[in-house]
Amino acid sequence: MVNTDLAPNISLKYWRIRLQYFPQIAFLGVLVSIVSRFASFPNFHDALAEIVMQLMGITLVYFFWIYVAKLLKYFDKDRLSRTQIMAVGAAGGLIMAASQSLFSWIFQVPLQSSFIMRAIGNVVVAAFWLPLQSVVVGNFRRYSRLRQEIRDEFLQQESVQLARRRALEEYRKKIEENIQDKMKITTADAHKLFKTLSAKGSERLPEYLRIISDEYFRLTAHNLESKIKVRQPRFSNLRANFNIFKSAVLESVETRPLNPTWFSIVIVVTIAVPLTAKAEYLLIPALALSTGLSAFLVQSVLLRVFKQIERRQIFATILATVGSIALPVVIAHLIPNNDPKLGNHIAYMVVVITVTLMGHIAQAGILKEEELQSTSVKDLTDYKNAEREQNAEFSKITRDWAKYIHGNYTSKLESAALAIESAIVSEDAEATEQAISEVEKTLRLDSTRSVSNPQILIDEVQDRCANWQGLIVLNINNQVRSDIAVAASIKDVGDCVEEAILNAVRHGDCSAIDIQILEKDTAVSMVITNDGRGFSNKPRGFGSSIYEEVTRGDWKLWRDEKNKSTILELNFAKS
Amino acid sequence: MPKLLIVENDSFAGTFMSKSLDAAGFSIISVADTAPIAMKTLRETSPDCALIDIELGIGPNGIDIARAFRKLKPSIGIVFLTSIVDPRLIDLKGLELPEGSIYLSKSFVSDTSEISESLHESMRLAKDKSSPCIIRYPKSQLQLTNGQFELIRLIADGLSNKEIARKKFVTLKSTENSIARLAKKLDLKDTNTNSQRVLIAKRYFQMIGKV
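Keeping their order, the protein sequence lines are chains U and D. The numbers in the first sequence follow my numbering, run straight up by one, and end at 1269. The numbers in the second sequence follow my numbering, run straight up by one, and end at 361.
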């Protein structure tokens, strides 16, 4: 059964809600913000410095979110509540406000508003950012994939139906082939035979075949089919949609590492823009270089700790360390009139080292992501193979169904066909006619039976009893008019009668059954009396459950010791 | 020459057996395809033995007919010839196979002479009231329990888990577990429960010779 309540069944492997649009959108946001407030900046350089500060702040927030997500993954925590997500987002807002203050101090650029005001603003915006971004960006992709998954599942269910339809077609084909093959006549003769059949009033032959096939489906596949109900996924269902969106929001911290291209752009902008602002920022390229080397050192040490680096690389690491310390000092002294405060440089170094390191780790994350993607490709191949196998399996089921449906009726036709064949061989016109009428009779009998969809209660009861006549004596005393209608389906009533007879014969060992059908105020009462040995305890079984269901509990079974009979009373509510 | 009544609703199979057993020295009274015709023939002709198919469509099955035959004529030899490989696949509640009868699975029979011999044997056995039904069928390779045979039958009948639970007077959970165990025993790989049911039903149809 397709589960339309999708929320609990979402695999993180497929439904990663990504933050990759965050930097782009945030960058645009910053530009809009700056442009709209451009007039309020004292000069162009300050405006650009503001951009840098904003971008650095956003980058920090972004990385913070990514690492929170990674940390949660590490602790096998796949989902967060909405409140938790908002808290993570709000913490990001605080970091952003703090970073703005930090950069303001580093770049000596005055901020337009107080820390408190910026903190409040950033926290509010950032708290809603994750859920909002997920809903806007992540959900559409995820939703379409979920939809696809449901469709696949639905189609898989459908293929069972398809198998039956194929079986039906195959069955018809086989019957046609069979007439030719078993009768061992040529196509021309078969054609003649069909003409004769038509002349004899069998122009409805194809229709008969259809009816027979349908009847066989009804008899054999009906139960199975009715039980394997395929429920259409209800995409218009608001609740289902809401659940999808809700899950998307809850999983919004499931992230993908930063796109390296965008990361490079951010770094370049970080380095280049301040160059235009103040002379002392000429130090920045050198600082960036040295901090990069420092990052390499830290990374190398980490790798060494984890025994993933060779000894010669340690030499390079030492050189990088020395360089990262010495180079900024040398450059700072070479720049004329440069009076940067040492604290500013160190703070900036720390920030860039952090960002670079995060970039490296994010890079590692990208590799991991690619690995995951290649796994997905493998999964897809497996899936396709599985699908092929499944199709082969369904083809087999189709063939099996065809054989099954075909078998019984084929043998009847075969029998008649043999008779026609021998009649044709012996050129006995009368026998041919007789054999053809035999075919017609078979088809007519079965088609009559198949199309009979009893709507009349008494007819159904008589039909059910007819099969048992001879084994036992069956009397039906009907006192209701033929057009009386009951709430239960006529077939269900028939099943009750069949079950009652079957129980009386098999368990009660009876030799006679009387069925009395009476009309009551609100129900049609059926009193089924048998002369069997009765029962010691009230039996529990399929009989009692079907009586209970069809009569809605209005039935009783008792033993009349005086008349040595067992009586079952079934009351079917009128409709 | 013993008089034989064939009860078979498949006319081709009926005709074929009629011809073969006629050649094997039986006097074929009739091929009856429904219970009422079979009973009427029995009353009118009093055959010595009967070859009965079990699956006769809606209404009484071959075993019901055989039991009725025995009531009317206790000395009649009865042979069941059926495509159902294992009698446990039939709902036998309240339906014992008649004493002295022989159950022949079609997949067990390779020659008409085996049917002929069984018919002769059944006529001898009918005189010995205490002889239980002799069942001749290829022993199933699957070691299914009686309960599992019943379960597989109920699934093929199209009953839902809930209906099966109700019918067997067990809990729904217990039924689900039983089906899972059955699927494992039948070595069904598919874990989708719906597909599993179809495959189990298919296996059932194979076992009763319908596929």
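Think of the CB as a built atom: it goes at the ideal place given N, C-alpha and C, for glycine as much as any other residue. All figures in this text were calculated on a predicted structure; none of them were measured in a lab.
A residue is called buried when at least 16 other Cβ atoms come within 10 angstroms of its Cβ; Gly227 of chain D meets this threshold and is buried. Around the beta carbon of Pro248 of chain D, a 10 Å sphere encloses 16 or more other beta carbons of the protein chains shown; the residue is thus reported as buried. Thr184, Ala185, Pro186, Ile187, Ala188, Met189, Lys190, Leu192, Arg193: these are the residues of the region 169-200 of chain D whose beta carbon lies less than 9 Å from some beta carbon of chain U, given in chain order.
Under the three-state reduction of DSSP, Val1221 of chain U is assigned to strand. Note that the C-beta distance between Pro197 of chain D and Lys169 of chain D is not below 7 Å. Contacts with chain U at 7 Å (Cβ-Cβ) include Ala218 of chain D. Neighbours of Gln1128 of chain U in chain D, taken as residues at a C-beta separation under 8 Å, are lacking, since the least C-beta distance is about 15 Å. In the DSSP annotation of this structure, the continuous segment of the beta strand (DSSP E) that includes Ile178 of chain D starts and ends at 177-182. Not a single CB atom of chain D sits nearer than 7 Å to the CB of Gln1156 of chain U. Apart from the 5 residues on each side of it in sequence, Ala1217 of chain U sits with its Cβ closer than 7 Å to the Cβ of Asp1248, Asn1265, Phe1266, Ala1267, Lys1268 in its chain, given in chain order. In this structure the region 813-821 of chain U lies against the region 780-793 of chain U, because at least three pairs of beta carbons, one per stretch, are closer than 8 Å.
With a threshold of 7 Å between beta carbons, Gln1210 of chain U makes no contact with chain D. Here Gln356 of chain D is exposed, its C-beta having fewer than 16 other C-beta atoms within 10 Å.
Put simply, the backbone Cα of Ser1183 of chain U is about 11 Å away from that of Cys1190 of chain U. Against chain U, the CB of Arg316 of chain D has a partner CB under 7 Å away; the residue lies at that interface.
Per DSSP, the continuous beta strand (DSSP E) segment holding Asn1265 of chain U begins and ends at 1259-1267. In this structure Ser808 of chain U is exposed. Its beta-carbon is surrounded by fewer than 16 other beta-carbon atoms within 10 angstroms. Using a Cβ-Cβ cut-off of 7 Å, Arg1253 of chain U does not count as an interface residue toward chain D, since no Cβ of chain D sits closer than that to its own. Taking the Cβ atoms as the reference, Leu155 of chain D lies roughly 14 Å from Leu206 of chain D, outside the contact range of under 8 Å. Close CB contacts of Asp1254 of chain U within its chain, under the 7 Å cut and outside five residues either way in sequence, are with Ile1261 (chain order). Separation of Cys199 of chain D and Ile208 of chain D (C-alpha to C-alpha, rounded to the nearest whole angstrom) is 24 Å. Contact between Asp203 of chain D and Val157 of chain D holds, with the beta-carbon distance rounding to 6 Å and staying under 8 Å. The Cβ-Cβ distance between Ala218 of chain D and Gly250 of chain D does not fall below 7 Å. The Cβ of Leu245 of chain D sits closer than 7 Å to at least one Cβ of chain U. The alpha-carbon separation between Phe319 of chain D and Thr325 of chain D amounts to approximately 10 Å. Ala163 of chain D has its alpha-carbon roughly 39 Å from the corresponding atom of Met1220 of chain U.
The C-beta of Gly209 of chain D comes closer than 7 Å to at least one C-beta of chain U.
When secondary structure is reduced to three states using DSSP, Thr321 of chain D falls in the coil class, being assigned neither helix nor strand. Neighbourhood of Ser1183 of chain U in chain D, by CB distance below 9 Å: empty, with the nearest CB roughly 16 Å away. Between the alpha carbons of Lys1258 of chain U and Arg1246 of chain U lies a distance of about 28 Å.
Under a 10 Å Cβ-count criterion, Lys221 of chain D is classified as exposed, with fewer than 16 other Cβ atoms of the shown protein chains found around its own Cβ.
The Cβ atoms of Leu1165 of chain U and Ala216 of chain D do not sit closer than 7 Å to each other.
Residues of chain U with a Cβ closer than 9 Å to the Cβ of Asp214 of chain D are, in chain order, Trp1162, Leu1165, Leu1196, Val1199, Arg1200. Taking Lys1214 of chain U as the centre and dropping the five residues before and after it, the same chain places the C-beta of Asn1265 closer than 8 Å to its C-beta, in chain order.
Sequence-distant Cβ neighbours of Val1187 of chain U in its own chain, meaning closer than 7 Å and more than five residues away, are Leu1151, Glu1154, Val1180, Val1244, Phe1266.
At a cut-off of 7 Å, the C-beta of Ser1238 of chain U has no neighbouring C-beta in chain D.
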